[in-house]
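Participant: Protein sequences appear in the order of chains A and B. Per the UniProt record's numbering, the very first residue in the first sequence carries number 1; after that it's consecutive. Per the UniProt record's numbering, the very first residue in the second sequence carries number 1; after that it's consecutive.
Protein chains: 2
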Amino acid sequence: MRQHPPLTPIISALPSTVPFVGPEAQERDRGRAFRARIGANESSFGPSPRVIARMAGIARDMWMYCDPDNHDLKVTVAAHLGVGVENVVVGEGIDGLLSLVARMYVAPGDAVVTSLGAYPTFNFHIAGVGGRLVAVPYENDRESLGGLLAAVATDKAPLVYLSNPDNPMGSWWEAAELIRFIEALPETTMLVLDEAYSELGPTSALPPIDISRPNVIRMRTFSKAYGLAGIRCGYAVADAQVIRDFEKIRNHYGVSRMAQIAGVEALADQDYLKSVVARVASGRRRIAGIAEANGLKPLPSATNFVTLDCGDGAFALKVLQALLSRDVFIRKPMVPGLDRCIRVSVGLDHELDIFAEELPGALAAARGS
Amino acid sequence: MRQHPPLTPIISALPSTVPFVGPEAQERDRGRAFRARIGANESSFGPSPRVIARMAGIARDMWMYCDPDNHDLKVTVAAHLGVGVENVVVGEGIDGLLSLVARMYVAPGDAVVTSLGAYPTFNFHIAGVGGRLVAVPYENDRESLGGLLAAVATDKAPLVYLSNPDNPMGSWWEAAELIRFIEALPETTMLVLDEAYSELGPTSALPPIDISRPNVIRMRTFSKAYGLAGIRCGYAVADAQVIRDFEKIRNHYGVSRMAQIAGVEALADQDYLKSVVARVASGRRRIAGIAEANGLKPLPSATNFVTLDCGDGAFALKVLQALLSRDVFIRKPMVPGLDRCIRVSVGLDHELDIFAEELPGALAAARGS
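Next comes the structure, spelled out in structure tokens:
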């Protein structure tokens, strides 16, 4: 038995468990495909037909490396948001950008503040740099702005994470409240404001983009409303110096040529986006109606999913399992306080039909077991 | 003027200069497209027609996230190489995997050994974790196996990088010599063996894959012979424990759905690969002939480019500039010893026609200036 080259102390201390289980892995384990894929907050409506045609047309160009500057996509994003090109960085989804932010602002042992039950991939990347997570409980199913601020102060955290609209609860804060939160943050604390669902909620929940404030990074994605989760492309908007700092460590050839071009085309088709937003709103109403008809309480949502209150955690887990066994892929939060819920993404009509058909049986099975 | 949240000491110490200039950036600066794109060692022959058709066909499926396990691609790679699925990890190109290896094995201040003038992206990622690069000069236009070994021992390096076949010189070591090198390495030193060009050189340069040796990571890519640089997909093969350690920090959703499926299809079309390998060999002969007809010395190459000895660094730089100004995109090594050369990638026939037409004028201009 030969010796292994030693890992660094930070990496050596990390668990070997793999934290991400995709629906494909579940299908492989089950030996059977899901009939409704409404668990990963994907957009079943797909990308714009213009985007699909463009991607198909450029498949043969994939022998060329991507532009390491992401120039055309940055120009398009900047024009779309009314900021400068120097205020935009593109990454391999928000996930890729979160990994970079962790490395930029978090030294080993530093406290990092998030909400208990918020995006696990953020936590994963903080652990990856040896950061110490401070998780603040949700309050009334919203991330607690006061609690986050207090934790930042107590733990002198260089970094705090907030998603708005929120995943997994679907809740949101109005812009005025977020602005107060931002103004109350220490200048030495960087805020990652994850706005993956920004296109799908009320515009009143989006503070104007203020790139003069050097301790806020806004992150958005093509994975949700734009229906392009599979191409892996997100972007961050911030003060120009902050954006330049990303250049120091990002994988410059990380975002595919396909993704860069698809992103440009997706932003150009705002009519399609509007149609998706309308269909998502309609789907949310339908999910809420199905839930209410079955005695579950739908929470208000500014996203492309609806979180359904099942009453308590043990029962909600049984409902999840019963739906999975009926070939309906959904997910649920697992932390205390949120674990009483299941989370159902807006799918196509026929997928919500299947959900409506299977929910009564799943509830009965959960009650009987 | 507001304060910026402080960067970590490691990131703060890094330069803000952006090290990657793509041909697109040069075209934007020039305001004019290149007529021959033969500078980035891409495969102008493109991906297999089967791969192109498959990519076009799945464009509409891009609303779905990628499989975070990269399961199907790992199974295909494993079968192709005769190793287990547990011996394969997939990343956003070799670049993405190099970034992870740096974080896994290099603590701040650790020495990392490479060759002076070898892959700059490796150096970039080592700098990104605060590693200290020890760069060993090439010997006779090959990476110096003896020099690398000596440096590893002197500096107690936890990590050493070797590309075989080599970029930017096109040279290679035979398998027997590499095996001796590997056997002489300390067990505590991890070797990254970058085999991006492995399909394009003699098979005698590829040691059998030995996953029982825990201090060797072999890296390969779809960017070169498979003609898929734009999709960003590479893989590493190693001991199962080493592969599990990648799971601790990799961006699990980093490799796009498009890339995973294209990779599977590309490996399935080995007939196309063989045709590309033959065309590349023919292109190398043509570039060598053009060089010799113009008094330049082509170096032997096991890659999809030919490095041409122009005599001295100042002259070679002028030749590069003269070719760029004639709309021929090529590159050249810049470090002492290698800088006497320019590097020309195998392109399509019409691109090599342009190179043949423009080289005499470029040489004359370089001599005259």
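Where a beta carbon is used, it is the ideal one built from N, C-alpha and C, also for glycine.
(1) Please state whether the Cβ-Cβ distance between residue 236 (chain A) and residue 91 (chain A) is less than 8 Å.
(2) Residues of chain A with CB closer than 7 Å to the CB of residue 60 (chain B), please, in chain order.
(3) Taking the CB atoms as reference points, tell me whether residue 227 (chain A) and residue 276 (chain A) lie closer together than 8 Å.
(4) Evaluate the contact criterion for the region 341–360 of chain B versus the region 41–52 of chain B: three or more CB pairs, one atom per stretch, below 8 Å.
(5) Could you tell me which of A:128, A:185, A:39 sits nearest to residue 156 (chain A), measuring between CA atoms?
(6) Within its chain, find whatever has a CB closer than 6 Å to the CB of residue 147 (chain A); leave out the 5 residues flanking it on each side and keep chain order.
(7) Between the Cα of residue 262 (chain B) and the Cα atoms of A:34, A:32, A:56, which residue gives the shortest distance?
(8) Below 9 Å between beta carbons is the criterion; list the residues of the region 148–177 of chain B that meet it against any residue of chain A, in chain order.
(9) With a threshold of 8 Å between beta carbons, is residue 87 (chain B) in contact with chain A?
(10) In chain order, what residues of the same chain have a beta carbon less than 8 Å from the beta carbon of residue 264 (chain B), not counting five sequence neighbours either side?
(11) Using beta carbons (cut-off 8 Å, strictly below), is residue 65 (chain A) in contact with chain B?
(12) Going along chain A in order, which residues have a C-beta closer than 9 Å to the C-beta of residue 311 (chain B)?
(13) Could you check whether residue 89 (chain B) and residue 246 (chain B) sit closer than 8 Å to each other, using their CB atoms as the reference points?
(14) Take residue 116 (chain A) and list the residues in its own chain whose beta-carbon comes closer than 6 Å to its own, dropping the five residues that flank it on each side.
(15) Give, in chain order, every residue of the region 244–263 of chain B whose Cβ lies closer than 7 Å to some Cβ of chain A.
(16) Cβ atoms of residue 145 (chain A) and residue 177 (chain A): under 8 Å apart, would you say?
(17) According to the Cβ coordinates, are residue 106 (chain A) and residue 193 (chain A) closer than 8 Å?
(18) Output yes if chain A places a C-beta closer than 8 Å to the C-beta of residue 11 (chain B); else output no.
(19) Find the residues of chain B that neighbour residue 229 (chain A), judging by a C-beta separation of less than 9 Å, and give them in chain order.
(20) Taking 8 Å as the threshold, find out whether the region 243–258 of chain A comes into contact with the region 49–63 of chain A through three or more Cβ pairs.
(21) Step through the CB atoms of chain A and report whether any lies within less than 8 Å of the CB of residue 104 (chain B).
(22) Determine whether the beta carbon atoms of residue 355 (chain B) and residue 38 (chain B) lie at a separation below 8 Å.
(23) Given that residue 56 (chain B) touches chain A, what residues does it touch there, using C-beta distances under 7 Å?
(24) Measuring only the C-alpha atoms, how far is residue 190 (chain B) from residue 197 (chain A)?
(25) What residue ranges within the region 95–136 of chain B form continuous alpha helix (DSSP H) runs of no fewer than 4 residues, ordered along the chain?
(26) 8 Å is my cut-off, CB to CB: does residue 42 (chain B) come that close to chain A?
(27) From what residue to what residue does the beta strand (DSSP E) around residue 258 (chain B) run?
(28) So, helix, strand or coil for residue 36 (chain A), using DSSP?
(29) If I follow the unbroken beta strand (DSSP E) through residue 236 (chain B), where does it start and stop?
(30) With three or more beta-carbon pairs closer than 8 Å as the criterion, would you say the region 310–327 of chain A touches the region 215–222 of chain A?
(31) In chain order, what residues of the same chain lie with their CB nearer than 6 Å to the CB of residue 123 (chain B), ignoring the 5 residues before and after it?
(32) Verify the CB distance criterion: does residue 188 (chain A) have a CB-CB separation below 8 Å to chain B?
(33) Out of A:212, A:214, A:34, A:250, which one is the CA nearest neighbour of residue 11 (chain B)?
(34) For residue 301 (chain B), count the other beta carbons within 10 Å of its own beta carbon; 16 or more makes it buried, fewer makes it exposed. Which is it?
(35) For residue 82 (chain B), count neighbouring Cβ atoms within 10 angstroms of its own Cβ and tell me buried if that reaches 16, exposed if not.
(36) For chain D, check one thing: does any of its Cβ atoms lie closer than 8 Å to the Cβ of residue 20 (chain A)?
Facilitator: Reading from the atomic positions:
(1) yes
(2) 46, 52
(3) yes
(4) yes
(5) A:185
(6) 136
(7) A:56
(8) 158, 159
(9) no
(10) 72, 73, 76
(11) yes
(12) Correct list: empty, because the minimum Cβ distance to chain A is about 30 Å.
(13) yes
(14) 135, 137, 335
(15) 244, 245, 247, 248, 249, 251, 252, 253, 254, 256, 257, 258, 259
(16) yes
(17) no
(18) yes
(19) 62, 63, 64, 65, 66, 253, 257
(20) yes
(21) yes
(22) yes
(23) 56, 59
(24) 42 Å
(25) 120–128
(26) yes
(27) Residue 258 (chain B) -> not in any beta strand (DSSP E); alpha helix (DSSP H) instead, spanning 257–268.
(28) strand
(29) 234–237
(30) no
(31) 133
(32) yes
(33) A:250
(34) buried
(35) exposed
(36) No chain D appears in this structure, whose protein chains are A and B.
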